[in-house]
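For the protein sequence lines, the chains are Z, H, X and V, in the order given. Numbered by my numbering, the letters in the first sequence go through residues 1 to 206 in order. Numbered by my numbering, the letters in the second sequence go through residues 207 to 412 in order. Numbered by my numbering, the letters in the third sequence go through residues 413 to 618 in order. Numbered by my numbering, the letters in the fourth sequence go through residues 619 to 824 in order. Report on the structure given below.
Protein chains: 4
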Amino acid sequence: MARDGVDVGHIVKGVRGRPRSEAVERSITEGVLKLIEDGVPLADLSIERIARTAGVGKATIYRRWSGKEELFVDILRGMDEPAPDLAGDSMRDDLITCLDQLRRRGVNLRSSALLHNVFAQMKSLPKLWEAYQATVIEPQRRVVIGVLRRGVENGELRADVDIVLANDLFVGPMLVRTLLRSDAPLDKDLAEQIVDTVLDGLRPTG
Amino acid sequence: MARDGVDVGHIVKGVRGRPRSEAVERSITEGVLKLIEDGVPLADLSIERIARTAGVGKATIYRRWSGKEELFVDILRGMDEPAPDLAGDSMRDDLITCLDQLRRRGVNLRSSALLHNVFAQMKSLPKLWEAYQATVIEPQRRVVIGVLRRGVENGELRADVDIVLANDLFVGPMLVRTLLRSDAPLDKDLAEQIVDTVLDGLRPTG
Amino acid sequence: MARDGVDVGHIVKGVRGRPRSEAVERSITEGVLKLIEDGVPLADLSIERIARTAGVGKATIYRRWSGKEELFVDILRGMDEPAPDLAGDSMRDDLITCLDQLRRRGVNLRSSALLHNVFAQMKSLPKLWEAYQATVIEPQRRVVIGVLRRGVENGELRADVDIVLANDLFVGPMLVRTLLRSDAPLDKDLAEQIVDTVLDGLRPTG
Amino acid sequence: MARDGVDVGHIVKGVRGRPRSEAVERSITEGVLKLIEDGVPLADLSIERIARTAGVGKATIYRRWSGKEELFVDILRGMDEPAPDLAGDSMRDDLITCLDQLRRRGVNLRSSALLHNVFAQMKSLPKLWEAYQATVIEPQRRVVIGVLRRGVENGELRADVDIVLANDLFVGPMLVRTLLRSDAPLDKDLAEQIVDTVLDGLRPTG
DNA sequence: ACTTAACCGAGACGGTACGTCATGTCTTCCA
DNA sequence: TGGAAGACATGACGTACCGTCTCGGTTAAGT
């Protein structure tokens, strides 16, 4: 967790002295969002500039986050969709739901001026990338693996296939399209296509 | 093209006066490689430091490359494996050959002190990443699509499947493992597993 | 007056509520003295550090003194010798007594770890210097002038000499040695030498 | 010497690369002088502000001087009067000449907006004060001691008086007036008064 | 005993400056 | 003309203090 105020909140030391102002905190994060929406490249978002924009001292930022990336991670965290509701009846439907969330995330990445800008340059900030992996991709992954396990149980999925590999087969194509190939189309039925094609296989029938 | 020396080589003015020293050029690129092999993070490779290491003036670097990333791209370009020879008889075998090259590339990325370091932080340098995409990933992609087309022709692949989607189904899982999930195992038979599983599908037989 | 507590002491509002703690006051001044004796340069004595050392809030210091210098002045004030007893019989003897007090002060300045440190860097703190002038040098000056006037009355001093000038003639050499030339020797008989030489003049006799 | 460029000028390293710009140097010193003349307290002359005023990078200042004080010393050095011409015939006249230069310096200190400001706060900068002592006061002192020696030789001065003490007797009163008591008058005939009174002594005649 | 106002420690806050570093451009001398 | 050296303006870095301000909590005088 980036915000040490949260970590040490229960420690005696933490409850003494003037408490950190939530208004200041908002002012900082909103300032960053505004700058990004104005099209400022992430690389140009120096702590100095953020502080200036937010009308805040640099130390006030460093008091909360150890650096630029921790700050961005925190901001990004606040912008993600919640995990989708899975019906749990059909593995196929649940997979489509999961993959479609990935797809929608990809679409957001491209349409939202903000997210687009963030993501296009997220590669500039390794820690931000790692945090995205850890807080978004990885949880997603665990959900999908749960779905697949249920699929094996209820006979929708071959029992002799490595679950981890299966996960990559379903999720890999979508992730590659959303994260690595920013020009690839993300049609509405893409999730369904992927799931069905992977389930059916590519060998000619009969 | 990154190296403007190449661009202006044909201009009359360019052939007059003292020619650029190739020794200087080698000294720069070798200096960079040495630094990377010594474990210096890419982010710490400032132009200033590269010039110091190579015993070269900063202007001499800027004369050849417009910045750090162009320089790295140029260096990286000289390090890639050639495209594999494809037998052309069996789509399955050719796909395995292609995916296994991707896999080996991933393995190299992790074992070579140099490549590992470069790749781990390549995300810090968007242009380098783009160049990698353009010069390595994209050509690979075109080869695979060729293989798939031949597969449709000779009946190894269902004709009703979008070739582009099929490409993602095969390549996606491997790319995700090598590029996005740096902890995933890259076993020797992974390419074969992926190809066969995607061809067969995941639905229980019988 | 530096201590505003004294200034506002007579205001009705001031007599209510919790009175200022003398213990806190001592803790601050003693903390400063300790730091100085430990050899910390005056310039490094930030309010922040003083508060930390004394285990006191910064505001508690600012409540008592308007700044660093006022605090130091207050501390220094508590350290000066009382004015010497003058016999009053002989102008020469009284002058020697006065000048020797100046000399002893100079000697103290150099021997006392504390005073040495304070004085060596007093120049860094104009207000401290001024306060030293006003509370130490100036009173001294008035005493000497009194001595000289008595000298004129009882015939020990030429009546046609400007008293103010005479004061400078006696006191000047000693002050220069103690304050401006910190390497000059301050021998025990210096006061006597100065007084007698100035009285006698430097012209060859006969 | 504060300017390392001067010190290392003869070293091979110093003669290569782009030479330091004299224009920049002037721009810095003139900027400082302008600020002082505008009444900015010395304590408010941060390197940051000086750089801003001179339209110069901070590093450009640090390249030449190791800090604020070295810079001021260098500037002050360029503002002092040359040593006076001494006739050499009469010790009394030469002493008066020397003391009067001290007096005139004191007068300048008070009249020149610039020098006044510099001197009034020179105490804030110990190194500046030391440099003033070393480059102005001390040479002056050696000149006076030479004059006194000649005085002993030609019989104008008692031979049994310590020359160093004699120097303090003459110079001390003037220095005290100019440096320590900024309110003391500095009349035109002060030098003469001091010299004659010290020579004659203060004892009543007859 | 109860109120009340000032005290106290801790530490947040907007500023300003510190001295260092890298950027990309420029200027000079040497080969 | 190319190239090494390094000056230059710019601007960010992360730290330290400044003097002010809020907190929760304490301490006495006046009720």
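Glycine included, each C-beta is placed from N, C-alpha and C at the ideal position. In this text, all values refer to a predicted model and were calculated from it rather than measured experimentally.
- Query: What did DSSP end up calling valine 674/V once you bin it into helix, strand or coil?
  - Reply: coil
- Message: Using 8 Å as the threshold, is the C-beta distance between lysine 686/V and leucine 663/V below it?
- Response: yes
- Item | Local conformation of leucine 704/V per DSSP, three classes | Reduced to three states, the DSSP call for leucine 704/V is coil.
- Query: Which residues of chain H have a Cβ atom closer than 8 Å to the Cβ of valine 107/Z, listed in chain order?
  - Reply: In chain order: nothing, as chain H lies at least about 17 Å away.
- Among the residues of its own chain, which have a CB less than 8 Å from the CB of lysine 470/X, if the five just before and after it don't count? Ile459, Glu460, Ala463
- Task: Mark tyrosine 680/V as exposed unless 16 or more other C-beta atoms lie within 10 angstroms of its C-beta, in which case mark it buried.
- Result: exposed
- Task: Take every Cβ of the segment 807-824 of chain V, pair it with every Cβ of the segment 717-726 of chain V, and state whether three or more of those distances are shorter than 8 Å.
- Result: yes
- Item | Selection from Gly567/X, Val452/X, Met491/X that minimises the alpha carbon distance to threonine 547/X | Met491/X
- Task: Assuming glutamate 568/X contacts arginine 504/X (C-beta within less than 8 Å), just tell me the rounded distance between them.
- Result: 7 Å
- Would you decide whether glycine 279/H is buried or exposed? Buried here means 16 or more other CB atoms lie within 10 Å of its CB. The sequence given here places valine at residue 279/H; glycine does not occur at that position. A residue is called buried once 16 or more other Cβ atoms fall within 10 Å of its Cβ, and valine 279/H is buried on that count.
- Following the continuous alpha helix (DSSP H) through lysine 480/X, name the residue where it begins and the one where it ends. 480-489
- Item | Span of the alpha helix (DSSP H) around serine 27/Z | 22-37
- Among Trp541/X, Thr617/X, Pro616/X, which residue has its Cα nearest to the Cα of arginine 799/V? Trp541/X
- Query: What residues from chain Z crowd round aspartate 406/H, counting only those whose CB sits closer than 8 Å?
  - Reply: Gly201, Arg203
- Are any of the Cβ atoms in chain Z nearer than 8 Å to that of alanine 337/H? no
- Query: Looking only at C-alpha atoms, which of Glu22/Z, Pro204/Z, Asp85/Z sits nearest to valine 56/Z?
  - Reply: Glu22/Z
- 8 Å Cβ cutoff, aspartate 374/H in contact with chain Z: yes
- Message: Only counting the same chain, and skipping five residues up and downstream in sequence, which positions put a Cβ closer than 8 Å to that of asparagine 566/X?
- Response: Met503
- Return the first residue and the last residue of the alpha helix (DSSP H) that proline 453/X is part of. Unbroken run through proline 453/X: none, as it is neither H nor E.
- Message: With H, G and I counted as helix, E and B as strand and the rest as coil, what does DSSP make of valine 161/Z?
- Response: coil
- Item | Status (buried if at least 16 other CB within 10 Å, exposed otherwise) for glycine 407/H | buried
- Cα separation between arginine 638/V and alanine 249/H? When only Cα atoms are considered, arginine 638/V and alanine 249/H end up about 31 Å apart.
- Query: Along the chain, which unbroken stretches of the alpha helix (DSSP H) at least 4 residues long are found entirely within the segment 339-388 of chain H?
  - Reply: The segment 339-388 of chain H contains these whole alpha helix (DSSP H) runs: 344-359, 369-381.
- Message: Does any residue of chain X have a CB that is nearer than 8 Å to the CB of glycine 657/V?
- Response: No, glycine 657/V lies away from the interface with chain X (no Cβ there is under 8 Å from its Cβ).
- Query: Going by C-alpha distance, which of Asp162/Z, Leu169/Z, Leu86/Z is nearest leucine 371/H?
  - Reply: Nearest option by C-alpha distance: Leu169/Z.
- Message: Does any residue of chain V have a CB that is nearer than 8 Å to the CB of glycine 584/X?
- Response: yes
- Query: Can you give the Cα-Cα distance for glutamate 276/H and lysine 333/H, rounded to whole angstroms?
  - Reply: 8 Å
- Determine, using beta carbons only, whether isoleucine 557/X and isoleucine 575/X come nearer to each other than 8 Å. yes
- Same chain, Cβ closer than 6 Å to alanine 543/X, five either side skipped, listed in chain order: Val485
- Using the Cα positions of leucine 405/H and isoleucine 75/Z, report the straight-line distance between them to the nearest angstrom. Rounded to the nearest whole angstrom, the CA to CA distance from leucine 405/H to isoleucine 75/Z is 42 Å.
- Does the distance from the C-beta atom of alanine 87/Z to that of aspartate 94/Z stay below 8 Å? Their beta carbons are under 8 Å apart, which means alanine 87/Z touches aspartate 94/Z by this criterion.
- What are the boundary residues of the alpha helix (DSSP H) that includes valine 607/X? 602-612
- Message: Any C-beta of chain V within less than 7 Å: which residues of the segment 558-569 of chain X qualify?
- Response: Gly567, Leu569
- Taking 8 Å as the CB-CB limit, is glutamine 552/X close to chain V? no
- Item | Closer than 8 Å to chain X by CB, arginine 795/V | yes
- Item | Rounded straight-line distance, which links the Cα of asparagine 726/V to that of arginine 371/X | Because chain X here runs from 413 to 618, residue 371/X falls outside it and cannot be looked at.
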